[in-house]
Amino acid sequence: MKKTENEEVRAALAEAKSRAVELLSAHENIFILTHRNPDGDAIGAVAATVLTLAGCGKKPVALINEIKSEETRFMAECIADYTLYGESPERLPGKDDLVLLLDCANSERVDRCFADLVKSAACVAKVDHHQDSCDALQYVVDVTDPGAAAACEVLCDILFPLAAKYGFTPGRDVATALYGGIMTDSGRFTYSCTTGDTMRTAGALLDIIDGDVSWMSKRYYDLKPLTSLRLLGVALLNTQIFADGRVALLAIRDDFYSQAGGKPGDVGYVIPQLMNIEGVKISAVIKPAEEGDDREFRVSMRSTEEYDVAALCRTLGGGGHKCAAGAAVYADSIDGAFETVKGLCLGALRD
Ligand SMILES: [Mn+2]
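Numbered per my numbering, the sequence shown spans residues 1124 to 1474.
#1: Quick check on the DSSP output: what are the complete beta strand (DSSP E) runs of length 3 or more inside the region 1223-1301, in order along the chain?
#2: Return the chain-ordered list of same chain residues with a C-beta closer than 6 Å to the C-beta of D1474, the five sequence neighbours on each side being excluded.
#3: Using C-beta distances below 7 Å, list every residue in its chain close to L1355, excluding the 5 sequence neighbours before and after it, in chain order.
#4: Cβ-heavy atom distance between A1143 and ligand 1 below 6 Å?
#5: Heavy atom of ligand 1 less than 6 Å from the Cβ of A1448, yes or no?
#6: Just the C-alpha distance for T1324 and Y1344, rounded to the nearest angstrom, thanks.
#7: What residue from A1433, V1370 and G1440 has the CA that sits closest to C1446's CA?
#8: Cutting at 8 Å between CB atoms, please list the residues of its own chain near A1412, excluding the five before and the five after it.
#9: At the level of alpha carbons, what is the spacing between M1124 and V1132?
#10: So what does P1411 bridge to, in DSSP terms?
#11: I'd like to check one pair, A1244 with I1216: are the Cβ atoms closer than 7 Å?
#12: Along the chain, which unbroken stretches of the beta strand (DSSP E) at least 3 residues long are found entirely within the region 1170-1197?
#13: Got a sec? Which residues, its chain only, sit under 6 Å from C1236 by beta carbon, not counting five neighbours each side?
#14: Take T1157 as the anchor and find which of D1204, T1463 and V1222 has the nearest alpha-carbon.
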């Protein structure tokens, strides 16, 4: 149900979705994973899938190492009974079990602790909305719709037909999880990925919810501890502007937290704010990686439609969307990582 222009692509996508329904029908034990440091779309997708599979009489297990953001944690509360947290789950997929990756463009983006599990699984399927040509894993079914605003939007076309097959009617909890995923990945329906289909899908979900959802937007976006808002203040004071105001760069230093309070998870709130600075075309936030060694840093880049930060991130081995992407940067210090990213951004303006 997407805007894909090419009829053949659209037909292939519809076929992949019905194969996903068949595959889920054929398995009883289904292990669901998403990308590390899961966001609202990731957790919404996991929650909706788990609840639907359970409603169909199946045995879903969500494997989640850790949810770092407070805003997202509440979305996983509804699947607490089906979720194994931590690095070493007490149940692992057997050879006949299905492993399903959701909102995870590349199998390398799962938590490192699950990498071997995914690599050695006999049967892995994927439902996503990021195009990634570098994924080496062979999927039994791969439903990737780059025209969708969220993995949750793609999932609607799989979970509802699946539920219908089993005579299960997804209720408010499933619809809330899916709506939450679409709302967050589309930036409350403001990002350019938002299409008529996104709105129609969200509208159908609202009909099921049949109640007030304004609390979700407030809970996910607006309510912040004072320390997080202070962290934004310190971050903006330390943002550097280059190329006549077209590039905004920020290195998150450890002393920000002693000045403002807050914690590394709050940085996600800072990243999109740099694109609100008038005249900025490309922005990047560089921070120490939360896992990995001392030489590893993470960069989150954003851009206007004229630029392609996914291409910039791919040169570092990362990826994402054209206007929102990320990668790891390796350097001896955060200043070194900053210079690498600065070089890339200034280079993109010259091209
Ligand atoms: Mn997503």
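Heads up, the beta-carbon is just placed ideally off N, CA and C, and yes, glycines get one too.
Inspection of the coordinates gives the following:
#1: 1247-1251 and 1264-1267
#2: Within the sequence shown, residue 1474 is the residue found at index 351, counting from 1. Contacts found: none.
#3: As a first step, residue 1355 must be located in the sequence shown, where it is residue number 232. The beta carbon of L1355 sits closer than 7 Å to the beta carbons of Y1392, V1393 and Q1396 from its chain, once the five residues preceding and following it are set aside; these are given in chain order.
#4: Indexing the sequence shown from 1 puts residue 1143 at position 20. Checking every heavy atom of ligand 1 against the Cβ of A1143, none is found closer than 6 Å.
#5: Here the question's residue 1448 lines up with position 325 in the sequence shown. Flag unset: Cβ of A1448 not near ligand 1.
#6: Translated into positions along the sequence shown, residue 1324 becomes position 201. Translated into positions along the sequence shown, residue 1344 becomes position 221. Taking the straight line from one Cα to the other gives about 21 Å.
#7: The count along the sequence shown starts at 1 and reaches residue 1446 at position 323. Of the candidates A1433, V1370 and G1440, the one whose C-alpha sits nearest the C-alpha of C1446 is A1433.
#8: Locating residue 1412 in the sequence shown gives position 289, counting from the first residue. Cβ neighbours of A1412 beyond the five flanking positions: E1419, F1420, R1421 and A1451.
#9: Taking the first residue of the sequence shown as position 1, residue 1124 is located at position 1. Taking the first residue of the sequence shown as position 1, residue 1132 is located at position 9. For M1124, the predicted model reports a pLDDT of 48, less than 50, meaning its position is unreliable and no value from the coordinates is stated.
#10: Here residue 1411 refers to the residue found at position 288 when the sequence shown is read from its first residue. Answer is F1420.
#11: Position 93 of the sequence shown, counted from the start, is the residue given in the question as residue 1216. Position 121 of the sequence shown, counted from the start, is the residue given in the question as residue 1244. Reading the sequence as shown, one finds Pro at residue 1216 and not Ile. Closer than 7 Å, so yes.
#12: 1182-1187
#13: Translated into the one-based positions of the sequence shown, residue 1236 becomes position 113. Cβ neighbours of C1236 beyond the five flanking positions: N1188 and E1210.
#14: If you number the sequence shown from 1, residue 1157 lands on position 34. The shortest Cα separation from T1157 among D1204, T1463 and V1222 belongs to V1222.
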